[in-house]
Amino acid sequence: MRVSVLIRGVVVLLISILTLYITNKLMNSPQNINNIKWMLEKNDERQPCDIECPERNYPFRIISGAASVVGPSICFNGNILMSNIKNNIGRGLNIALVNATTGKTMQTDFFDMWSGDINLLLAFLKPIVSGTIVLLASFDDPATKMNDKARTIFSELGSSLIHSVKFRDNWVFVGAKGIKEKSPYEQIIQNDKAKNKYGAWPEAVEMEGCIPKKHN
């Protein structure tokens, strides 16, 4: 009796190990990576920022990167500002600056937060002037090089989650220089191996909304 119970236990254990092994292989297989890429690139087929907003509001849509395969997308007022197709995105933090009064793009850039120089990010953030909308989408890793100075600046721009952003989290954020309260436009999906959708990475996060135009 004890032998049969032991054998059944061993069989169950072996099946569990085999299932985990196969799941891991499928998750990290080239075909699965291609499926991720295809699924997320379908977003580019939609009309840019195809959401309705009240008059004197800017529509926006931000999609973080997925794993280290598909880059992020930042759309503002009907125009794609940053994306794979525009070839102006990269690993780390992808940031677009927009004039809150005119809606015109002022600057876009990306900063490698895994092996890059944090001073480049600080040099980009510090000169931002009042009345500037800041749109951000992470790709792969947003936090390894992050320091207290950068976190403080993002907090001043309206982020309430910046101190929670960690290695390989997916983070999207819209803030502004001169904002008086915390921004309502911020989302994060944390890197959790037990819950991740893409193996070592969480699923992409998408956020859209309407930003009131700034009056002179």
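If you read the sequence shown in UniProt numbering, its first letter stands for residue 1, the second for the next number, and so on.
The beta carbon of each residue, even a glycine, is placed where N, CA and C say it ideally should be.
Rounded C-alpha distance that separates residue i from residue j
i      : j      : result
ASP141 : HIS215 : 36 Å
ILE211 : PHE60  : 8 Å
ILE33  : ASN196 : In this prediction, ILE33 has a pLDDT of 49, which is less than 50 and means its spatial position is unreliable; nothing more can be read from the coordinates.
GLU206 : LEU120 : 26 Å
SER64  : ASN147 : 21 Å
PRO184 : ARG151 : 18 Å
GLN190 : SER68  : 15 Å
SER83  : GLN107 : 14 Å
ILE62  : LEU125 : 19 Å
Cβ-Cβ distance between residue i and residue j below 9 Å
i      : j      : result
ILE153 : TYR58  : no
TRP114 : LEU136 : no
ALA66  : TYR198 : yes
LEU81  : VAL98  : yes
SER130 : PRO72  : no
ILE85  : GLY209 : no
GLY116 : LYS145 : yes
LYS177 : ILE128 : yes
THR48  : CYS75  : Correcting the residue type first, residue 48 is Pro in the shown sequence and not Thr. For PRO48 and CYS75, yes; Cβs fall inside 9 Å.
ALA200 : LYS193 : yes
ILE188 : LEU157 : no
ASP112 : ALA143 : no
GLY103 : LYS213 : yes
Exposed unless 16 or more other CB atoms sit within 10 angstroms - verdict on residue i
i           : result
residue 217 : Any question about residue 217 goes unanswered here, given that the chain covers just 1 to 216.
ALA123      : exposed
PRO202      : buried
ALA100      : buried
GLU186      : buried
ARG56       : exposed
GLY78       : exposed
GLY175      : buried
PHE110      : buried
Distance between beta carbons of residue j and residue i, contact taken as under 8 Å
i      : j      : result
PHE173 : SER159 : 6 Å
Minimum Cβ-Cβ distance from residue i to chain D less than 9 Å
i      : result
ALA123 : No chain D is part of this structure, which consists of one protein chain only.
The segment 77-89 / the segment 149-167 touching (three or more Cβ pairs under 8 Å): no
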